[in-house]
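Okay, so here's the structure we're looking at.
Residue numbers (UniProt numbering): 1 to 366.
This is the structure:
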């Protein structure tokens, strides 16, 4: 009879076959070894800790937005997440009214972190908060929309965006906030921008940053709410090389900026900063873009890696912006012809900048 080695000793092969039969019988009748724990001390012990390599499925790629304008359209959400794959947008309603919240489903879980980088950026004049969410929250929101909506189907979009003529005059208080101004812009430049309206220098208030330098923003007081509403027709028109965004504001916002010392002093306003500079700011870069990509974008100009400064946020991630130092102000001006051309799948916006703005951005990144 053949002998085999089993559990530290030699046994007859018949004994081994018998052991196999016993194991099969234990499995067949659902023994506590493979089924529910029995009274044996072996099975009263705590279950083993799962191994560290247990598979964890990726999160469902959904984020929640809060603080949306009440006339927000789905296209504005897609534009807000420009460069990401937006699969679905679900606006949240309560009692038939839009709550200012929405869920946005993205193409891939990896895009969640990029979406969170848009937190506190603006849609219109409202800054929007972006939060992580879960599949269950998204599905519950769909169920609530189904039960709340007439006809039993979820609303896939908010009310259409109203035109400027349809916007309630109550939104306008006679004050507008301008954003995107050239840092060299003066009060006279802004008065000329609104040349169809009666303005004086004391009605134009340039905003300063924490160091007392121009922040690229200002408040403008008009004679009436109707005048400020009419002036919104200048929204996204250009002043110098920059297109200017306009937002309805209030005198309370203006007074708050003044109380916090955010308005420019006359001594700084008097400085002549209108000289062109060799620095441009880029906005809308793919997050994967490197210095070589930017050099290739400006391939008709002489650039080195040292002349390119990619901006990063406090977490060390790219913001989609960069500063580029050209050989001369003339080169920088000529390079503006590349404004809104594409790099990869993204169109790139170019703005005249300055060494001061560049140095400020570099110091913040340290």
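Backbone N, C-alpha and C define an ideal beta-carbon position, used for all residues, glycine too.
Endpoints, the beta strand (DSSP E) within which residue i is located
i: residue 218; result: 214 to 221
i: residue 97; result: 97 to 106
i: residue 74; result: Careful: residue 74 lies outside any beta strand (DSSP E), inside the alpha helix (DSSP H) at 74 to 80.
i: residue 122; result: 121 to 123
Burial state of residue i (16 or more Cβ within 10 Å)
i: residue 221; result: buried
i: residue 38; result: Low confidence applies to residue 38: its pLDDT is 48, below 50, so where it sits in the model is not reliable enough to give any reading.
i: residue 198; result: exposed
i: residue 352; result: buried
i: residue 62; result: buried
i: residue 341; result: exposed
i: residue 217; result: buried
i: residue 84; result: buried
i: residue 70; result: exposed
i: residue 309; result: buried
i: residue 94; result: exposed
i: residue 35; result: Confidence is the limiting factor: at residue 35 the pLDDT is only 45, short of 50, which leaves the residue's position unreliable, though a coordinate-based value still follows. When all chains shown are included, residue 35 counts as exposed.
Rounded Cβ spacing between residue i and residue j (contact assumed at less than 8 Å)
i: residue 101; j: residue 92; result: 4 Å
i: residue 421; j: residue 350; result: Residue 421 is absent from the structure shown; the chain starts at 1 and stops at 366.
i: residue 404; j: residue 251; result: Because the chain spans 1 through 366 in this model, residue 404 falls outside it and cannot be assessed.
i: residue 329; j: residue 277; result: 6 Å
i: residue 335; j: residue 301; result: 6 Å
i: residue 191; j: residue 175; result: The pair is not a contact, with the Cβ atoms about 15 Å apart (cut-off 8 Å).
i: residue 245; j: residue 179; result: 5 Å
Option in the options with minimal Cα separation from residue i
i: residue 242; options: 264, 144, 215, 181; result: 181
i: residue 103; options: 139, 121, 114, 179; result: 139
i: residue 346; options: 361, 360, 195, 321; result: 321
i: residue 113; options: 354, 317, 305, 362; result: 317
i: residue 99; options: 121, 79, 68; result: 68
i: residue 362; options: 115, 323, 109; result: 323
i: residue 195; options: 230, 108, 297, 184; result: 230
Span of the alpha helix (DSSP H), counted from its first residue to its last, around residue i
i: residue 244; result: From DSSP, residue 244 is part of no alpha helix (DSSP H); its letter is neither H nor E.
i: residue 111; result: 111 to 116
i: residue 257; result: 251 to 259
i: residue 171; result: Per DSSP, residue 171 belongs to no alpha helix (DSSP H) and is neither H nor E.
CB contact below 8 Å: residue i versus chain D
i: residue 236; result: The question asks about chain D, but that chain is absent: this structure has only one protein chain.
heavy atom of the ligand SAH below 7 Å from residue i C-beta
i: residue 232; result: In the structure shown, the ligand SAH is absent, as is every other ligand, since no ligand is present at all.
Are the stretch 228 to 237 and the stretch 200 to 212 touching by the rule of at least three beta carbon pairs closer than 8 Å?
no
contact_flag[the stretch 245 to 257, the stretch 281 to 301] where n(CB pairs < 8 Å) is 3 or more
no
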